[in-house]
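Colleague:
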Amino acid sequence: MKKIAVDSLNPKHFLLSVEDGVATVTLNRPERKNPLTFESYMELTDFFRSLKYVDGIKVVVVTGAGGNFCSGGDVHEIIGPLIEMDMPGIYDFTQMTGDLVKAMRNCPQPVVAAIEGVCAGAGAIVAMSSDLRVGTAASKVAFLFVRVGLAGCDMGACAILPRIIGQGRASELLYTGRAMNGEEAERWGFYNRLVPAGETLDVALSIARDLRTGPTFAHGMTKKMLQQEWNMTIDQAIEAEAQAQAIAMKTEDFRRAYEAFAAKKQPVFQGN
Numbered sequence: 004m005k006k007i008a009v010d011s012l013n014p015k016h017f018l019l020s021v022e023d024g025v026a027t028v029t030l031n032r033p034e035r036k037n038p039l040t041f042e043s044y045m046e047l048t049d050f051f052r053s054l055k056y057v058d059g060i061k062v063v064v065v066t067g068a069g070g071n072f073c074s075g076g077d078v079h080e081i082i083g084p085l086i087e088m089d090m091p092g093i094y095d096f097t098q099m100t101g102d103l104v105k106a107m108r109n110c111p112q113p114v115v116a117a118i119e120g121v122c123a124g125a126g127a128i129v130a131m132s133s134d135l136r137v138g139t140a141a142s143k144v145a146f147l148f149v150r151v152g153l154a155g156c157d158m159g160a161c162a163i164l165p166r167i168i169g170q171g172r173a174s175e176l177l178y179t180g181r182a183m184n185g186e187e188a189e190r191w192g193f194y195n196r197l198v199p200a201g202e203t204l205d206v207a208l209s210i211a212r213d214l215r216t217g218p219t220f221a222h223g224m225t226k227k228m229l230q231q232e233w234n235m236t237i238d239q240a241i242e243a244e245a246q247a248q249a250i251a252m253k254t255e256d257f258r259r260a261y262e263a264f265a266a267k268k269q270p271v272f273q274g275n
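Under the working numbering, the residue at position 204 of the sequence shown is numbered 207, and the numbers go up by one with no gaps.
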């Protein structure tokens, strides 16, 4: 099959640079701590899906601009519109977000996340979906879905996170939505390496360059086996969570959380 040329990839909603087989994806909305939008979700998914057919990319590094990784889905550009969507529209959205995780897990290249500052919500999912993670002591990783009135199961979190840090620890983070600090993240196995602030990208690129020099096809096979040898496939888990999250997005507590955020108040959840 004919390969896709690297220079044909021209994303509009994130920065992409490729050097010596290492692609660096930079989420680039630093003034908002790099939140995701409908457009960036789709473009990132298309990018990771295309990697199977791209010539010249052996490893991918994902990072964020301006000292933060990613603050999750943009509150006003995603959550606001979701409040007004009907169930089919919401379900389309939850499936679309899960597609990004599938694309990251199914691309043959190892993905290394360089995590500074805030790494929350969908940003934490992107980090989780990477193969390796480099963070700092000051970084904060939060699967905060419960804090906006949603289920902790989102984009495969209940399937993938326990396999990284263990069932009990994952349960705590997904039930409480609290942030995991950098030292905790390393101790629990979420971070592969803990480095000084400002150095995550350099270290991630160093790891990527080391991987780049390895057997590319074998790395792809290793990644495939890590994926396939779980008891339940990630696709099955993501589909189940897409259905659960779509239901949660129609609750009044989800609406209360959005309205409280817009009014700069703490949400008061009532369980309906």
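All residues carry an ideal CB built from backbone N, CA and C; glycine is no exception.
Note that this is a predicted model, so its numbers are computed, not measured.
Counting along the chain, where does the alpha helix (DSSP H) carrying G223 start and finish?
Modeller: First-last of the alpha helix (DSSP H) with G223: T219 to Q231.
Colleague: What is the residue span of the beta strand (DSSP E) that A145 lies within?
Modeller: Element bounds for A145: K143 to A145.
Colleague: Check this for me: beta carbons of A188 and V149, under 8 Å apart or not?
Modeller: No, the Cβ-Cβ distance between A188 and V149 is not below 8 Å.
Colleague: What does a CB cutoff of less than 6 Å around M158 pick up in its chain, not counting 5 residues either side in sequence?
Modeller: These residues qualify, in order along the chain: T100, G101, V104 and I128.
Colleague: Does the beta-carbon of S278 have 16 or more other beta-carbons within 10 angstroms, so that it is buried, or is it exposed?
Modeller: There is no way to answer for residue 278, as the model of the chain reaches only from 4 to 275.
Colleague: Less than 8 Å separating the beta-carbons of F51 and A130?
Modeller: No, they are not a contact pair.
Colleague: Report the three-state DSSP secondary structure of C161 (helix, strand or coil).
Modeller: Helix at C161.
Colleague: Going by beta-carbon coordinates alone, are L277 and F146 separated by less than 8 Å?
Modeller: Residue 277 lies beyond the residue range present for the chain, which begins at 4 and ends at 275; the question has no answer from this structure.
Colleague: Quick one, which of T97, I7 and E119 has its alpha-carbon nearest N37's?
Modeller: Ranking the options by Cα distance to N37, first place goes to E119.
Colleague: Rounded to the nearest angstrom, how far is the Cβ of M235 from that of A141, given a contact under 8 Å?
Modeller: M235 to A141, Cβ: 35 Å. No contact.
Colleague: Which residue comes first and which comes last in the beta strand (DSSP E) that contains M183?
Modeller: A182 to N184 is the extent of the beta strand (DSSP E) around M183.
Colleague: Is the Cβ-Cβ distance between F272 and G155 less than 8 Å?
Modeller: For F272 and G155, no; Cβs fall outside 8 Å.
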